[in-house]
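Working notes, structure below.
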Ligand code: FAD
Ligand code: SIN
């Protein structure tokens, strides 16, 4: 893509009189809560590359962790988060997130999210792996759906939020790329010649038309990248677009080696990967190996409720040792009525596949679930690029360290969306390019032609995902990581060729981003010379004190 220079660059006198415009990429909990908060002082354009409710948020089952009962405390939630994070959490960020959690959760309730209550009208609190207390608010096992429905209704009721569904951001428009390299010094990004972010090029996924969208501030809320792996709990939209775009824009990216594998996904030949919530283990369910042994006791004092990475790695070892294809989740400790009431989605899905909980054990395996690293942000969600923020799963705040504590990610998104807007209210620097909406260069199609067939894209996508699963999975080695790097670099040549040769569409853009994120994951994994939390490398089997630092690209 090439860009031309706009004729005039002098700041227009009127620029500060018009309301600010904030562009938000994504409509999960991060994008929707950001939109609500930013709309208090700015016009907002909210993009979703699919339907508004599609994204990881919608599939959240367990709930949102927050100190809610008198028997719990901020200190205890903090301690559990730090322990799960295996020595790599940013303690100040943990403190902020946990302390501001109850206020953020209260906002969700005020906006209409209906969490499940007990008969005594208190909120029913669940417990999950790594938590020593019950502190997870949930809406049965449909928490994500309840959050999406309420927040979408709220966002639709706010007049200065414009919604563009089926619209996908392709790349950020960077000041230094089209302004003859001239950058307003106030908006320069340290260490980068690209300057500030002025908005994004956007693809209408239905017409394949592309147009520039100017914004004073752009918020990346585009979620995670589970689709990098062959087996994942994530829906199709989770291709790491925002992370790849931010990397291309010169933003700092960190800790991508910490991909979290959820220990318990339904193992069934006809089931698309379906999560079996960890909250079941909070109610007494126990993991057993194929011989029926409660094996988690051998790996951690918390047994089946150990932090997630411990459980996934233990299952991986048990599968390798026994040659079995899955382990069992024994749910017989939960009575049938309670199971149906509290976990209707899990119950119905199991039943559909001929499994009758709590009498039948549920066959489970780990699958890629959550990206702990992402775009580096500060405590106000600011990336290292001026005018560009990141919130939710695409961001790396430092909360999760080397392993996220269960149900802390919905919390993180809600807390930092609020902080992002509250800081931006006082610090937002308006776009100094006059009438930017008109002067930003159009997308240049160059000599690109229509694509004849999509087969290559589908095949390459599968190739990357299998490669990542087999070579960059739960347990890694230097040899396998290096092989993955070499193969990905071959694929890179082919994808680049297609990207410049053909007119882009959603599939091609996603493939390019998926490939970038895969390469970045491998690069991070190769740089870490130890095993810590979610990252296990047999060639560096132990955690090393002076390696306890972020991997920053
Ligand atoms: P998402 O909800 O994934 O939203 C991403 C949005 O970005 C979508 O609207 C998508 O269309 C849009 N988008 C992506 N790319 C582009 C682009 N290029 N242009 C425009 N828009 C784009 N966490 C918990 O805390 N508790 C739980 O119980 C829990 N359970 C989970 C269960 C499952 C099955 C899964 C998959 C995750 C779960 N998680 C849970 C994790 C949590 O749901 C996610 O981390 C969180 O919802 C991410 O929110 P988000 O807003 O950052 O992204
Ligand atoms: C679950 O319900 O097990 C998922 C919770 C999470 O990912 O935080």
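In our numbering, the protein residues as written are 606 to 1158. Virtual Cβ for every residue (Gly too), placed ideally from N, Cα, C.
Put simply, the backbone Cα of residue 1050 is about 29 angstroms away from that of residue 1092.
Counting only the Cα atoms, residue 678 lies some 13 angstroms from residue 705. By the Cβ-count criterion, residue 717 is exposed, with fewer than 16 other Cβ atoms from all chains shown falling within 10 Å of its own Cβ. Closest by C-alpha distance to residue 882, out of 646, 685, 780, 967, is 967. By alpha-carbon distance to residue 876, the top candidate from 984, 970, 754, 866 is 970. At least one heavy atom of the ligand SIN is found less than 6 angstroms from the C-beta of residue 883. Only residues of its own chain outside the window of five on either side were considered, and among them 728, 729 have a CB closer than 8 angstroms to the CB of residue 722, listed in chain order.
Counting only residues of its own chain and dropping the five nearest sequence neighbours on each side, residue 886 has a CB closer than 6 angstroms to the CB of 909, 910. If only uninterrupted alpha helix (DSSP H) runs of at least 4 residues are considered, those enclosed by the segment 964-1048 are 1013-1032, 1041-1044.
The residues 930, 931, 968, 969, 970, in chain order, have a CB closer than 8 angstroms to that of residue 872 in the same chain once the five nearest residues on each side in sequence are set aside.
A residue is called buried once 16 or more other Cβ atoms fall within 10 Å of its Cβ, and residue 642 is buried on that count.
In terms of Cβ geometry, residue 689 and residue 1155 do not form a close pair [threshold 7 angstroms]. Take residue 1145, set aside five residues on each side of it, and the residues of its chain with a beta-carbon closer than 7 angstroms to its own are 1134, 1135, 1136, in chain order.
A Cβ-Cβ separation of about 14 angstroms leaves residue 1124 out of contact with residue 844 under the 8 angstroms criterion.
Taking all protein chains shown into account, residue 940 has fewer than 16 neighbouring C-beta atoms within 10 Å of its C-beta and is therefore exposed. Counting C-beta pairs closer than 8 angstroms gives fewer than three between the segment 826-839 and the segment 936-954, which falls short of the contact rule. According to DSSP, residue pairing for residue 933 in a beta bridge involves 893, 968. Annotation for residue 926: the continuous alpha helix (DSSP H) segment containing it runs 913-927.
Annotation note: the segment 857-908 contains the following uninterrupted beta strand (DSSP E) runs of length 3 or greater, listed N- to C-terminal: 864-871, 891-893. Within the segment 615-659, complete alpha helix (DSSP H) segments of at least 4 residues are found at 634-643, given in chain order. Within the model, the alpha-carbon separation for residue 662 versus residue 1089 is close to 30 angstroms. Straight-line measurement puts the Cα of residue 958 at about 35 angstroms from the Cα of residue 1007. Looking at the DSSP output, residue 804 bridges to 819. Taking C-alpha positions only, residue 1101 is separated from residue 1094 by approximately 11 angstroms. In terms of CA proximity to residue 762, 645 leads the group 645, 666, 750, 659. Residue 1130 is positioned such that its CB atom lies closer than 7 angstroms to that of residue 1086. Annotation: the segment 824-861 contains the following complete segments of the alpha helix (DSSP H) (minimum length 4 residues), in chain order: 846-853. C-alpha of residue 996 to C-alpha of residue 1022: approximately 6 angstroms in a straight line. If you draw a straight line from the Cα of residue 725 to the Cα of residue 673, it is about 15 angstroms long. Within the chosen limit of 6 angstroms, the ligand SIN does not reach the beta carbon of residue 987 with any heavy atom. Inter-segment contact for the segment 801-813 and the segment 1102-1113 is present: three or more beta-carbon pairs are separated by less than 8 angstroms. In this structure residue 1015 is not in contact with residue 758, their Cβ atoms being roughly 18 angstroms apart against a cut-off of 8 angstroms. Residue 710 holds the alpha-carbon nearest to the alpha-carbon of residue 742 among 710, 900, 756, 753. The closest heavy atom of the ligand FAD lies 6 angstroms or more from the beta carbon of residue 832. Residue pairing from DSSP leaves residue 1073 without any beta-bridge partner. In the assembly as shown, residue 900 is a buried residue. Its beta-carbon has 16 or more other beta-carbons within 10 Å.
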